Every structure is written in C-alpha cells, then in structure tokens.
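> Position one of the sequence shown corresponds to residue 1 (full-length UniProt numbering), numbered consecutively onward.
Note that CB positions come from ideal geometry on N, CA and C, so glycine has one too.
Here the structure is a predicted model, which is why all the values come from computation and not from measurement.
Sharing a structure below in structure tokens format, with a few things to ask.
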Amino acid sequence: MTYPPGSGPYGYGPQHQPPGWGQPGYQPPQPGWDPNQGYPGGGYPPPPPPKSNTGLIIGIVVATIAVLVVGAGALVLIDRNKRGEDNRATGTTTPELVTATETATPRGTATAQPVATKFSYREQAKDWNFRLGDVALHADWVDGRDASNCGDIEVGGKLTALGCQYVAEMVYRSERGGLMLTQYVLGMADADKAAAAVGRYTDEDLQPRPGSYIEDFTIGKWKDDSEKQFLVIILVTTTAAVDEETASKYLRYLHQDMLGALAFR
Numbered sequence: 001m002t003y004p005p006g007s008g009p010y011g012y013g014p015q016h017q018p019p020g021w022g023q024p025g026y027q028p029p030q031p032g033w034d035p036n037q038g039y040p041g042g043g044y045p046p047p048p049p050p051k052s053n054t055g056l057i058i059g060i061v062v063a064t065i066a067v068l069v070v071g072a073g074a075l076v077l078i079d080r081n082k083r084g085e086d087n088r089a090t091g092t093t094t095p096e097l098v099t100a101t102e103t104a105t106p107r108g109t110a111t112a113q114p115v116a117t118k119f120s121y122r123e124q125a126k127d128w129n130f131r132l133g134d135v136a137l138h139a140d141w142v143d144g145r146d147a148s149n150c151g152d153i154e155v156g157g158k159l160t161a162l163g164c165q166y167v168a169e170m171v172y173r174s175e176r177g178g179l180m181l182t183q184y185v186l187g188m189a190d191a192d193k194a195a196a197a198v199g200r201y202t203d204e205d206l207q208p209r210p211g212s213y214i215e216d217f218t219i220g221k222w223k224d225d226s227e228k229q230f231l232v233i234i235l236v237t238t239t240a241a242v243d244e245e246t247a248s249k250y251l252r253y254l255h256q257d258m259l260g261a262l263a264f265r
C-alpha cells in the first residue's frame, strides 16, 4: 500500500523544517564573545596571557637596596662602637701632668718608690713651741747630733739588733732648767722594722750620753712609737722642782709633735 506524501501509517512522515531552522552555517564570532566560552569538554581552554613581571622585579630591586642600606648603616654603627671600645681599651685617658724634669711612668708598671732621705737633728734644731687649745708649752734648744749607728745610745747592741741603722739626737731644756727632754729619731731598715721594734726593749737597753739629761733626776719617764721607717724615743728627766703631771705633759706633747712632723715629712 502506498501512502500519499505527507502521510504514513501513523500519520507522520518526513517533516519539513520551517525556513530558518536548517543546519546553521558558520557564523563569525561576535565582537567580545569567546566562541569557546560555555562549552565544556572537547579540549582545554587556551592558556591565559602571560602576566607582566615588571612590578615584581622592581619590588625585588627596591627590597635589595633597602637591605643593603640598612646593612651598611649597621656596619657603620658597629664600626663606630668597635672603634670607641678600642679607644677605651688602648688607653686614651689623659696621662697625668708631670713637670719638665720628670719622666712619665707608663700605667700598670710598678716602680720602686725612692727611699726617703735620712732624718737629721738639723730639721728640729730650734726652740720648741707648742700650742693646742689651752695647752701651751715651750722648751729651749740645747744641742743635737747625728750618729751613723746606735752604738752610743744603746747597751749590748739591742737597738742595732732590732734594725737601727742611724740615729738623730735632739736635747731641750724647760721649766727654768728643772726639766730636760732627750729625743731620739732612729732610722730603721724599713717601716715594718720600725713598727716591730716598739716595746721590744727597756730603759736598761738605753744609754743617754752625759749632758743630754738630768743625771740625778727625781722623775724619769720615756715613751716610744714608730712613724714610717722611723722609731721615735723620748726621755724626760726633772728635778724636784717639777711635778710628775708637768713632766708627763711635756713628754706626751713633744712625742706627738715629732710623730706628726715625720708623718708630713
């Protein structure tokens, strides 16, 4: 059985598409429209255009310069500090001023101190006048002498054994001749010898020369002490016209006065 065109067993035959619905031909892409956009699959989309590295390079250069500047500043600061420490370590302190006749001694170098000159009776060869508060004492100068050893004033070599090397002797008179003061300054080997000799002898070890004391004395006292390398011994002798308090006063103050003079010598 034949069927007329346009009909079939089910009333459907080949259908004619209306105009405009045929297979579309190639259409050029519209401006601004990506023909691949919206179509998944079928290959990978084209890679994105390469990004410019200009900004990154400039940033790296700027950062490098900043690091170099900071590092240079730190090196300058460290160098200044190092030089400051070096100056302090190498001794930039101002040396002590010295006179034109002296030689500057390097710091840290121990040098022996010059030995003090010998004491002589001539340093005190004059009347003794003393005043302290209400105390006023006076004694007339009699005489003095220097000896190269202590043999003339000692018994049995006692003072020499203790370190005496020489002696200066000074003699005074006061209280209308009723009181005499005999003063010895012994030059010892050193300050330690002088200090160690104090109290190591008695009046029996001493032998004053005639004329330096009142031989038939009523009161006789003596006192000793040391100052630096000197041992100081003082004797006081009186007649019956002078009391013990007066004798003790002369003894005490003349002794202190001599120790003070040696301390500032």
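In angstroms with no decimal places, state the Cα-to-Cα distance between Thr239 and Tyr213.
Thr239 and Tyr213 have their C-alpha atoms some 11 Å from each other.
> Decide if Gly156 is buried, meaning its Cβ has at least 16 other Cβ atoms within 10 Å, or exposed.
exposed
> Here's the rule: buried if 16 or more other CB atoms are within 10 angstroms of the residue's CB, otherwise exposed. What is Asp192?
exposed
> Does DSSP put Ser248 in a helix, in a strand, or in coil?
helix
> Identify every residue that forms a DSSP beta bridge with Ser212.
None; Ser212 has no bridge partner.
> Closer than 8 Å is the cut-off here; do at least three beta carbon pairs connect the segment 216 to 236 with the segment 179 to 192?
With a cut-off of 8 Å on Cβ pairs, the segment 216 to 236 is in contact with the segment 179 to 192, counting three or more such pairs.
> Report the three-state DSSP secondary structure of Thr202 (helix, strand or coil).
coil
> Out of curiosity, what's the CA-to-CA distance linking Ala136 and Ser226?
25 Å
> Look up Asp127 in the DSSP assignment and say whether it is helix, strand or coil.
coil
> Is the CB-CB distance between Val236 and Val185 below 8 Å?
Not closer than 8 Å, so no.
> Give me the residue from Gly187, Gly151, Lys221, Val167 with the minimum Cα distance to Ser248.
Lys221
> Relative to the C-alpha of Arg200, which residue among Gln229, Leu159, Gln256 is closest?
Leu159
> Might you give, ordered along the chain, the residues of its own chain that have their beta carbon closer than 6 Å to the beta carbon of Thr147, omitting 5 neighbours on each side?
For the sequence presented, residue 147 should be read as Ala rather than Thr. Scanning its chain for C-beta atoms nearer than 6 Å, with the 5 sequence neighbours on each side dropped, one finds around Ala147 the residues Val167, in chain order.
> With the cut-off set at 8 Å, would you say Cys170 and Gln124 are in Cβ contact?
Reading the sequence as shown, one finds Met at residue 170 and not Cys. Closer than 8 Å, so yes.
> Near Val242, which residues of its chain fall below 6 Å by C-beta distance, leaving aside the five closest residues on each side in sequence?
Glu175, Gly178, Leu179
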